[in-house]
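Everything on this sheet refers to the single structure shown next.
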Amino acid sequence: MSDTIETPSGAMPASRTRFGSNSGQPMTRRDGVLKVTGGATFAADNHPEGMLHAVYAAATISRGRVTSLNVDAARAHPGVVEVLTPANRPPLAIDPDTKPYPFAFRTEVLQDDTVRYAGQPIALVVAETLESATEAARLLSPTYDASPARIDFDTVEPFDPQAVGVGSPPTAEKGDVEAGLAQASHRVDARYETPGQYHNAMEPHAIVATWDGDRLTLDTPNQAIVMSTGSFGAWFGIPAENVTIRSPFLGGGFGSKAIIVGPQILTILAAKMLGRPVKLALRRDQMYGPVGHRGATRQEFRLGVDADGHLTALDHLTTAVTSTFEDFIEPASNASHDLYATPALSSRHKAVRLDIGTPGPMRAPGEASGSAALESAIDEAALVAGLDPLEFRLRNYAETDPASGKPFSAKALRECYAEGAERFGWSKRPLEPRQMRDEAGRLVGWGMGTALFPASMFQANATATLRADGTALVETAGADMGQGAWTALHQIAADGLGLDIGSVEFRSGHSGLPDGGIAGGSGHTATAGNALHAAGTDVIAKLADLATNDENSPLFGAGNVGVEARDGRLYRADDPDRSQSYGEILARAGLAEIEGAGQGGRDPASAEERAMFSHGAVFAEVTIDPDLGQIRVTRLVGAFAAGRIVNPRLATSQLYGGMIWGIGFALHEEAVHDKRSGRIMNANLAEYRVPVNADVPAMDVILVDEHDPHVNPLGIKGVGEIGITGTVGAIANAIWHATGVRFRRFPINIVDLLEGAAAR
Amino acid sequence: MNLFEYVRPASIAEAVAAAGEPGSAYLGAGTNLLDLMKGGVSRPSRLIDLTHLPDLGRIETSPDGSTRIGALVKNSALAHDPDFAKRFPAVAEALLSGASAQLRNAATVGGNLMQRTRCSYFADTASACNRREPGSGCDAIGGENRSHAVLGWSDHCIAVHPSDFCVPLAALGAIVEIEGADGRRKVPLTDFHRLPGDTPEKETVLEAGEMIVAVSLPAEAAAFAGHQRYLKVRERTSYAFALASAAAALRIENGTILEARIALGGVATKPWRSQAAEAVLTGAAPGREAFEKAAEAAFAEARPSGDNAYKIELGKRVVARVLAMAAAGTPERMPALPASPFASETGAKAHV
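Going down the list, the sequences are from chains A and B.
The opening residue of the first sequence carries number 1 in full-length UniProt numbering; numbering runs sequentially from there.
The opening residue of the second sequence carries number 1 in full-length UniProt numbering; numbering runs sequentially from there.
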């Protein structure tokens with residue numbers, strides 16, 4: 001059978017996979033060759049017949065009103081077909097300032113002339129070419145009635161939010177923090193700052209919208225394909241089943257492609273209005289505004305430590321930024337809930353409203369910025385306690401979840417510490433800072449951080465169809481964001497069927513398939529994977545039923561002892577010499593195929609009983625030129641325990657990616673606003689710096705063995721986000737160890753190093 | 001992007017004639033110009049594509065011993081030309097520290113000299129910028145200006161010249177060959193770019209229609225080959241402009257510096273040769289004391305234009321360090337991280 005990946009432009013040959021191995025094997029990406037040869041079709045690669053190009057004009061003020069748009073000039077530009085403004089924008093079925101479906105964010109769809117942040121869409125131009133639309137959007141030459149931008153975090157009065165993250169409570173308390181602090185031998189009181197950060201997926205948000213009557217087809221990258229059909233449909237008053245989303249590949253999502261945003265809605269509206277397909281692809285600078293970001297935080301810690309180096313209290317107060325019209329509060333304090341044992345724990349959140357685009361979930365939302373600060377604070381606590389940072393963490397090892405008191409479903413963090421420390425050579429670390437130099441006299445420092453991420457699950461469905469020729473088809477609407485879902489989910493599905501992966505066709509990335517759930521929260525492989533596996537075992541159960549009831553089958557009567565499925569045959573569990581191929585069983589039953597279905601999701605009872613997390617430990621070495629302030633992360637070792645590893649190659653790659661994000665968080669990434677206009681002045685990949693290859697000299701990932709029987713039937717946790725956590729703190733702590741100066745503002749840059757050295 | 005006319009001349013003479021029209025711009029690789037056009041920052045009405053002109057892509061040694069680099073030579077081709085890199089190692093090192101490999105493979109020598117500032121207010125058409133729109137003001141003053149100039153700035157413009165390549169060129173006395181309607185002329189690179197003064201929009205001495213045809217390094221510049229380096233401090237290891245950089249070239253005999261060449265990048269409004277710093281070193285013994293004195297001299301006139309006072313101290317340290325690196329001798333091989341403070345002395349093992 002053909003081994004294909006369905007794409008909107010038709011079936012293409014997938015890259016060769018290695019056969020004879022499924023889960024647990026380091027298979028290469030099935031879509032790898034397509035991607036490196038340009039054969040993978042991303043949303044913006046679609047050009048249906050008659051397609052028009054849309055470009056939106058973005059506000060250049062941060063607060064106020066648009067007082068005029070030169071629509072005539074834009075319309076007069078050659079190639080322009082339509083200009084949408086609040087004056088002529090056709091009605092939508094829902095109010096954009098309400099939240100009518102799950103994960104809805106209030107957004108801008110030209111509902112009025114108000115400007116709420118710089119970069120907000122204020123008009124949409126549709127033209128025959130991209131260049132024509134771009135120039136016409138410029139010709140709109142908006143004028144404004146502008147109010148002063150409120151952009152400075154520290155000058156705005158905080159408020160108490162109702163919820164943080166996606167519906168989490170803003171506070172959690174356990175024990176008496178004040179009493180714990182009062183009885184402490186040592187205190188750490190420290191405040192950390194993290195900046196606004198932007199997802200910057202390589203693939204910008206793009207959409208091609210095509211209407212056929214009241215049926216809508218969307219080519220757009222999406223992290224929650226089936227759920228989004230209902231959300232998109234709601235804007236246009238059509239049912240979910242009228243919406244088809246094709247999203248075979250995402251060029252990175254990181255949380256920003258799970259949420260429906262104004263520019264997508266406007267594009268669909270324009271396509272409806274004009275009766276032609278319309279494409280919109282955001283420019284890089286337009287990725288800094290309407291599509292979410294990681295909100296800036298200020299995080300204050302109060303830690304108490306007793307004479308033996310045990311925490312007596314941990315108080316974590318985050319103030320996070322959100323927009324003036326929507327709440328997404330980076331739940332950074334929640335990073336302190338589940339990691340270190342303490343008799344008294346308090347986590348709280350406040351928020352400030354600025355004239356910016358609404359923040360949203362961005363790879364490890366809350367966990368990343370919370371961990372950056374927490375792991376720095378824990379390092380400061382180890383220092384005041386006079387303990388090695390690893391020893392301090394071991395003394396405060398949580399045997400049960402500190403916030404809930406529940407047992408962990410599995411926790412191999414101690415093994416992560418041990419294996420990571422061994423690989424890194426941590427035992428040779430001098431306790432005092434500024435003790436190590438390289439051969440050129442540069443300062444060298446070693447630091448560490450603990451990594452933690454919840455083992456989330458959503459709900460997913462899958463189907464499996466076994467065919468008479470012994471091959472199978474498995475289907476779920478999963479989302480491959482580059483993490484490798486095309487490969488890892490396929491491996492799991494083949495295992496469920498007891499087939500080699502080469503005999504199993506996998507269809508995904510299309511809303512017409514069973515709901516694959518959300519590719520988010522590091523829970524996609526666990527959720528969709530369990531659904532696929534269950535669909536396969538459902539087929540096998542039906543097949544076994546046929547065979548064991550067929551008196552001419554070698555498996556007849558094996559119902560009680562059971563059968564095993566492997567390599568396309570069923571075997572009697574107690575006698576491997578008695579077996580029958582799937583094809584023979586179907587043929588004898590006179591069936592062309594057998595269908596099965598499966599679901600993935602968390603068992604509520606299990607969730608109630610146990611705390612479920614992936615864990616890890618990250619060790620960093622930095623080298624610093626003391627005169628020039630230049631920093632380099634010269635080594636990173638991360639050891640992670642995340643349950644069953646479906647594909648070690650892809651899991652390692654995911655963890656590398658997370659750790660590299662950690663480098664960016666620690667040293668590079670920061671959106672810089674002009675304080676007067678509020679505009680982001682570095683909205684491009686040259687000046688919003690993410691790490692480049694030369695910033696990542698040596699990485700080592702250790703996959704620590706962990707069997708977790710409680711998280712889900714397959715024991716799968718997630719690896720997508722945990723790599724960022726731990727890493728940021730490890731690097732900051734290594735910088736302290738190199739210099740003897742504690743930097744509490746991220747990213748830590750050259751000017752900080754120069755000023756820190758001067759202040760020493 | 002505005003509508004524009006596209007012209008592909010067959011000769012330099014045709015190119016110069018075509019560029020006489022107001023609103024014309026020469027197109028090399030377009031690595032900078034096309035970005036600016038897409039952003040509406042540059043809006044030429046006519047593009048004159050030079051990339052098909054013959055004879056501008058050669059690196060040659062002239063009869064007088066000078067090295068002549070055609071305006072269309074690619075950055076990477078020049079940096080990787082073994083003979084050129086041996087004679088002018090700091091130029092090669094500066095080239096390899098700039099942009100990214102992909103950009104270096106496309107970008108041209110002439111285009112490098114003509115690149116515009118990366119001041120974010122210049123690139124943001126909603127901001128006031130005297131360089132982009134004369135008389136509109138300068139929003140970089142009082143704005144986000146950590147990376148702006150401490151030398152050569154005026155109340156009309158504080159933007160830094162971004163080139164790495166031009167820094168060692170300035171140090172080594174490069175000459176720019178220019179062709180215009182009135183024929184060919186030669187201008188020292190240090191005179192090619194203008195200080196902003198009260199006309200920051202006039203960035204070079206090029207008159208309307210004039211084009212760069214070549215850049216030459218004089219014969220005597222090769223005498224510095226044994227002691228020349230480029231050092232660049234930046235906020236990530238590659239694909240970042242300099243916060244402060246410097247090129248140093250020394251002629252050392254019997255423990256004495258006979259002649260020194262020093263130029264600065266990332267701190268000034270144009271590629272900035274410091275003859276004051278060079279003078280301090282002439283006749284001095286190479287060593288920390290002399291290098292720090294030279295660094296002081298190089299920044300004697302520096303003053304912050306905003307939140308960038310740190311650049312003065314950082315710049316001095318860069319000068320002192322690059323002088324020490326140059327005095328230690330040009331490495332036999334190009335370091336794995338060209339111009340980085342992490343480039344090891346031997347070039348080995350800088351990047352595991």
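Even for Gly, the Cβ is constructed at its ideal location relative to N, Cα and C.
Annotation: the stretch 72-125 of chain B contains the following complete segments of the alpha helix (DSSP H) (minimum length 4 residues), in chain order: 75-79, 82-87, 89-96, 101-106, 109-114 and 120-123.
Contact between A:GLU595 and A:THR463 holds, with the beta-carbon distance rounding to 6 Å and staying under 8 Å.
Linking A:ALA172 to A:SER427 through their CA atoms gives a straight-line distance of about 36 Å. The stretch 19-36 of chain B makes no contact with the stretch 673-681 of chain A, as fewer than three CB pairs between them are under 8 Å. Residue pairing from DSSP leaves A:VAL719 without any beta-bridge partner.
When the beta-carbon positions are compared, A:GLN580 and A:LEU591 stay at least 7 Å from each other.
Bridge partners of A:VAL633 according to DSSP: A:VAL622. In the structure shown, A:ALA462 falls within a strand segment according to DSSP collapsed to helix, strand and coil. Listed along the chain, the chain B residues whose CB falls inside 9 Å of the CB of A:ASP674 are SER120, TYR121, ASP124, SER127, ASP139, GLY143 and GLU144. Leaving aside the five residues that flank A:ALA377 on each side, the residues in its chain whose CB is nearer than 7 Å to its CB run, in chain order, VAL188, ALA190, PHE301 and LEU303. By the Cβ-count criterion, A:GLY275 is exposed, with fewer than 16 other Cβ atoms from all chains shown falling within 10 Å of its own Cβ. Per DSSP, reduced to three states, the secondary structure at A:ASP379 is helical.
With respect to chain B, the C-beta atom of A:MET681 has a partner C-beta closer than 7 Å. Taking one beta carbon from each stretch, the stretch 368-387 of chain A and the stretch 219-226 of chain A have fewer than 3 pairs nearer than 8 Å; the two do not touch. From the listed residues A:GLY557, A:SER606, A:LEU546 and A:GLY559, the smallest Cα separation to A:GLU584 is found for A:LEU546. Interface annotation, B:VAL233: in contact with chain A, CB-CB separation under 7 Å. In the DSSP assignment, B:LYS311 falls outside any beta strand (DSSP E) and within the unbroken alpha helix (DSSP H) covering 310-328. For A:HIS349, the enclosing beta strand (DSSP E) has its first and last residue at 345-353.
CA-CA distance, A:ALA410 to A:ASP708, rounds to 5 Å.
A contact is defined here as three or more CB-CB pairs under 8 Å, and the stretch 11-21 of chain B fails this definition with respect to the stretch 61-80 of chain B. Distance check between A:VAL66 and each of A:ASP112, A:GLU621 and A:CYS416 places A:ASP112 closest, using alpha-carbon atoms only. The alpha-carbon of A:GLY536 is positioned some 4 Å away from that of A:LEU497. Taken in chain order, no unbroken stretch of alpha helix (DSSP H) lies wholly in the stretch 665-702 of chain A with a span of 4 residues or more. Within chain A, VAL692, ASN693, ALA694 and ASP695 have C-beta atoms less than 9 Å from the C-beta of B:SER238, given in sequence order.
Cβ-Cβ distances below 6 Å link B:TYR310 to nothing in the same chain once the five nearest sequence neighbours on each side are left out. Fewer than three beta-carbon pairs drawn from the stretch 292-306 of chain B and the stretch 737-753 of chain A are found closer than 8 Å, and the two stretches are therefore not classed as touching.
For A:ILE722, the closest of A:GLY756, A:ALA281, A:ALA335 and A:VAL125 by C-alpha to C-alpha distance is A:ALA335.
In this structure, the CA atom of A:GLY557 is about 16 Å from the CA atom of A:ILE540. Taking 7 Å as the cut-off, the beta carbon of B:ARG46 is found closer than this to the beta carbon of B:SER24. B:PRO9 does not reach chain A, its nearest Cβ partner there being about 24 Å away, counting only Cβ pairs nearer than 8 Å. Spatial neighbours of A:ASP674 in its own chain (CB-CB distance under 7 Å, excluding positions within 5 residues in sequence) are listed in chain order as MET681.
B:GLN275 sits in a helix when the DSSP states are folded into three classes. Contacts with chain B at 7 Å (Cβ-Cβ) do not include A:GLU203. Shown here, A:ASP575 sits in a strand according to DSSP, grouped into three states. In the DSSP secondary-structure assignment, A:ASP212 is bridged to A:ARG215.
Below the 8 Å Cβ cutoff, chain A contributes ALA694 as neighbours of B:LEU337, in chain order.
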